[in-house]
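Here's what the structure looks like:
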């Protein structure tokens, strides 16, 4: 099954509530796409983290257009907290197993009740918050190339975001029971998704690029002692 059509803001909000994801077309026009690609450059391996440290990306993430896009999905303020650039191509071609996005990138480890376990990715501390905190986040995946089945578009399991943190057995049950959706998105469009939505992607079989700027927004401030790794000083 494939989805990828225009949604009004109200319809998108209903779909995110129900399914955990929604699409918006023409979020970036062609000049914006070219400018962003020039800023991002190339990615090594599966992608590059820390994109919010780039002034151009930070300005885009905080722009009026993107803030208007994400605010309907967050009860509090909308704060961009992490940026990752993915570039799937013939030279860097990977697959991702079914999973939920469970961690926050922070500046330093600090023990806070309910937060854990901890891990380190590329030297950056990451921590799993309580599931209810992840439910107050929204991810915007800005597509800089057309994405479909042939170049490793994201696949999702609708409704899985509402189940909290799932065990490996729970993920397996969802895979058996719920038909997956391939997220077909045109260049310039966006996929909005909750972090707890089960998602995966396969390898590209086309040789085409599948470049995506992944931006995460939180509707809350971190508890005392924790600071966002890519937050403002």
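Numbering (our numbering), first residue to last: 4 to 236. The beta carbon of each residue, even a glycine, is placed where N, CA and C say it ideally should be.
Can you tell me which of the three DSSP states residue 200 falls into?
Indexing the chain shown from 1 puts residue 200 at position 197. Residue state, collapsed to three classes: coil.
Residue 64 and residue 218 look like a contact to me (Cβ under 8 Å); what is the Cβ gap, rounded to whole Å?
Mapped onto the chain shown, residue 64 falls at position 61. Mapped onto the chain shown, residue 218 falls at position 215. Going by Cβ atoms, the distance from residue 64 to residue 218 rounds to 5 Å, so yes, they are a contact pair.
Residues that residue 50 bridges to, as DSSP identifies them
The residue you call residue 50 lines up with position 47 of the chain shown. Beta-bridge pairing links residue 50 to 89.
Give the straight-line distance between the Cα atoms of residue 48 and residue 89, rounded to the nearest whole angstrom.
Mapped onto the chain shown, residue 48 falls at position 45. Mapped onto the chain shown, residue 89 falls at position 86. Going by the C-alpha atoms only, they are around 9 Å apart.
Check each candidate in 224, 210, 72 and 41 and name the one with the smallest Cα separation from residue 60.
One-based indexing of the chain shown puts residue 60 at position 57. Among 224, 210, 72 and 41, the Cα nearest to that of residue 60 is on 41.
Assuming residue 39 and residue 147 make a contact with CB atoms under 8 Å, what is their CB distance in whole Å?
Here residue 39 corresponds to residue number 36 of the chain shown, with the count starting at 1. Here residue 147 corresponds to residue number 144 of the chain shown, with the count starting at 1. Rounded, the Cβ-Cβ distance is 7 Å, consistent with contact.
Just mark residue 197 as buried or exposed, buried being the case when its beta carbon has 16 or more other beta carbons within 10 Å.
If you number the chain shown from 1, residue 197 lands on position 194. Classification of residue 197: buried, given that the 10 Å Cβ count is 16 or more.
Are the segment 109-124 and the segment 220-231 touching by the rule of at least three beta carbon pairs closer than 8 Å?
yes
Grouping DSSP H, G and I as helix and E and B as strand, with all else coil, what is residue 168?
On the chain shown, position 165 is the one that residue 168 refers to. Three-state result, residue 168: coil.
Residue 121 - partner residues in DSSP beta bridges:
As a working note, residue 121 is residue 118 in the chain shown. Bridge partners of residue 121: 130.
Proximal residues to residue 162 (C-beta, below 8 Å), its chain only, five neighbours per side dropped
Position 159 of the chain shown holds residue 162. Result list for residue 162: 21, 22, 23 and 181, in chain order.
Leaving out five residues before and five after residue 130 in sequence, what residues of the same chain have Cβ atoms less than 7 Å from its Cβ?
By 1-based counting over the chain shown, the position of residue 130 is 127. Around residue 130: 106, 107, 109, 118, 119 and 121.
With 16 other Cβ atoms within 10 Å as the buried cut-off, status of residue 142
For the purposes of this step, residue 142 is taken as residue 139 along the chain shown, with counting starting at 1. When all chains shown are included, residue 142 counts as buried.
Taking residue 145 as the reference, which of 136, 155, 87 and 76 has the closest Cα?
Locating residue 145 in the chain shown gives position 142, where the first residue counts as 1. The option with the nearest alpha carbon to residue 145 is 87.
Residue 234 versus residue 28 - alpha carbon distance
Within the chain shown, residue 234 is the residue found at index 231, counting from 1. Within the chain shown, residue 28 is the residue found at index 25, counting from 1. Between residue 234 and residue 28, the C-alpha separation is close to 28 Å.
Do the CB positions of residue 206 and residue 185 come within less than 7 Å of each other?
Sequence index remark: in the chain shown, residue 206 carries index 203 (1-based). Sequence index remark: in the chain shown, residue 185 carries index 182 (1-based). Result no, Cβ atoms of residue 206 and residue 185 do not sit closer than 7 Å.
Looking at the structure shown, is residue 177 part of a helix, part of a strand, or coil, going by DSSP?
One-based indexing of the chain shown puts residue 177 at position 174. Note: residue 177 maps to helix in three-state DSSP.
From the DSSP output, read off the bridge partner residues of residue 27.
For this step, residue 27 is matched to residue 24 along the chain shown. In DSSP, residue 27 forms a bridge with 193.
Assign residue 123 to one of two classes, buried (16 or more other C-beta atoms within 10 Å of its C-beta) or exposed (fewer than that).
Indexing the chain shown from 1 puts residue 123 at position 120. Answer is exposed; the Cβ neighbour count stays below 16.
Going by C-alpha to C-alpha distance, which of 174, 154, 104 and 155 sits closest to residue 136?
Taking the first residue of the chain shown as 1, we reach residue 136 at position 133. Of the listed residues, the one whose Cα sits closest to residue 136 is 104.
Would you mind working out which of 51, 164 and 58 sits nearest residue 102, comparing C-alpha positions?
The sequence position of residue 102 within the chain shown is 99, counting from 1. Residue 164 is the option with its Cα nearest to residue 102.
I need the straight-line Cα distance from residue 211 to residue 174, nearest angstrom please.
Translated into the one-based positions of the chain shown, residue 211 becomes position 208. Translated into the one-based positions of the chain shown, residue 174 becomes position 171. Near 30 Å, if we compare the C-alpha coordinates of residue 174 and residue 211.
Opposite residue 215 in the DSSP bridges: which residues?
The count along the chain shown starts at 1 and reaches residue 215 at position 212. DSSP lists 89 and 146 as partners of residue 215.
In this structure, what does DSSP give as the bridge partners for residue 107?
The residue you call residue 107 lines up with position 104 of the chain shown. Residue 107 pairs with 130.
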